[in-house]
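All residue numbers for the sequence shown refer to the numbering used here, where the first residue is 213 and numbers rise by one.
Here the structure is laid out as structure tokens; the discussion comes afterwards.
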Amino acid sequence: MSNSWLFWSLLSALFAGATAVLAKVGVTGVDSNLATAIRTTVILVFAWAIALVTARPGALAALGSRTWVFLALSGIATGFSWLCYFRALQLGQASQVAPIDKLSVIFVLAFAALFLHEPLTLRSGLGGLLIVAGAIVLAWK
């Protein structure tokens, strides 16, 4: 299926939308760092359960050091992102925080161009500007 990435991307967006609303309710009256730790623990157990059921035997042992380093760095970046996101949700409205969080797309475009040598085209630039404009419109109250 040539568009399977689109299917999984849309599911990701659906679950991310649910995450924002559920997390907003969950951080009420709780330290945002504690809330992040609880959420991360649930994700840890869930992700390992899925990985252990679906991974081929020996897959973990076959991982190279480069893979470990970059996945660890990605995990650290995710952790910082979640800590900031939960604090923002605690302080602001979910309908304002989520659009600003999605400005991460702009950083992805820039980082992908710089480090992965993906093309930064007129189309991606225009799309990025529209995302920025949309985030401003949605967050401005």
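For each residue, glycine too, the CB sits at the ideal point set by N, CA and C.
#### Entry: Nearest neighbour of L350, chosen from G304, L328, E330 [CA to CA]
Looking up residue 350 in the sequence shown gives position 138. Looking at the Cα atoms, G304 is the closest of the given residues.
### Three-pair Cβ contact test at 8 Å for the stretch 301-319 versus the stretch 235-249
yes
### Message
With a threshold of 8 Å, are at least 3 pairs of Cβ atoms found where one atom belongs to the stretch 313-324 and the other to the stretch 342-349?
### Response
yes
### Query
Between G229 and the rest of its own chain, which residues show a CB-CB distance below 8 Å, the 5 nearest in sequence each way excluded?
For the purposes of this step, residue 229 is taken as residue 17 along the sequence shown, with counting starting at 1. Only A310 meet the Cβ criterion.
### Query
Alpha carbon to alpha carbon, what distance is there between L285 and S224?
For the purposes of this step, residue 224 is identified with residue 12 of the sequence shown, where counting begins at 1. For the purposes of this step, residue 285 is identified with residue 73 of the sequence shown, where counting begins at 1. So the two alpha carbons sit approximately 21 Å from each other.
### Residues near R251 by beta carbon distance below 8 Å, same chain, minus five either side
In the sequence shown, counting from the first residue as 1, residue 251 sits at position 39. Excluding residues within five positions, the ones whose Cβ falls inside 8 Å are A235, G238, W294, F298.
### Task
Pick helix, strand or coil for Q302, following the three-state DSSP scheme.
The residue labelled residue 302 in the question sits at position 90 within the sequence shown. Note: Q302 maps to helix in three-state DSSP.
### Query
If you run the structure through DSSP and keep just helix, strand and coil, what is L326?
The residue you call residue 326 lines up with position 114 of the sequence shown. Three-state result, L326: helix.
### Element boundaries [alpha helix (DSSP H), containing G340]
Residue 340 sits at position 128 when you count from the first residue of the sequence shown. Segment 334-351, the alpha helix (DSSP H) holding G340.
#### Entry: First and last residue of the uninterrupted alpha helix (DSSP H) at N245
Looking up residue 245 in the sequence shown gives position 33. 244-266 is the span of the alpha helix (DSSP H), which, as asked, contains N245.
### Query
Got a sec? Which residues, its chain only, sit under 7 Å from A324 by beta carbon, not counting five neighbours each side?
Within the sequence shown, residue 324 is the residue found at index 112, counting from 1. These residues qualify, in order along the chain: E330.
### Task
Inspect the beta-carbon positions of A232 and A306 and report whether they are closer than 7 Å.
As a first step, residue 232 is located in the sequence shown; it is residue number 20 there, counting from the start. As a first step, residue 306 is located in the sequence shown; it is residue number 94 there, counting from the start. Against a cut-off of 7 Å, the Cβ pair of A306 and A232 comes out as a contact.
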